[in-house]
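**Q**
Numbering (the numbering used here), first residue to last: -11 to 102.
(1) Please report how far the alpha carbon of residue 58 lies from the alpha carbon of residue 96, in whole angstroms.
(2) Measure the alpha-carbon distance for residue 2 versus residue 99 and round it to whole angstroms.
(3) Could you pull the DSSP bridge partners for residue 73 from this structure?
(4) Measure how close the beta-carbons of residue 10 and residue 0 come, nearest whole angstrom, since I'm counting them as under 8 Å.
(5) Taking the continuous alpha helix (DSSP H) assigned at residue 110, which residues delimit it?
Take a look at the structure:
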């Protein structure tokens, strides 16, 4: 199917996938493809708000995290690392000694993961 037969959403989904594969920043990709950054950001937000096919069929998974009392009463070395599995074979492992700033950055990045 060529680009003239795509719906607007499919067209932008393909462009977003091309961006993700490029390894470029949003700004760099937009400059190379002559797309206004504001337009591209709009379509990324629109795609992120749309529930994915995976989300529609999967129940959330809850994990029990230790309380502050439990954490303060045991050495950090006794806790196993936290492992997060994402689609496309992405695996993130966070050790218990992870600095708060790094964890905050990781959470911010995961919120914007498309």
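Beta carbons are placed, not taken as given, at the ideal position from N, Cα and C, and that holds for glycine.
**A** Per the coordinate set shown:
(1) 26 Å
(2) 21 Å
(3) Bridge partners of residue 73: 79.
(4) No, residue 10 and residue 0 are not in contact; Cβ-Cβ is about 15 Å, not under 8 Å.
(5) Absent from the model: residue 110. The displayed extent of the chain is -11 to 102, so no value can be given.
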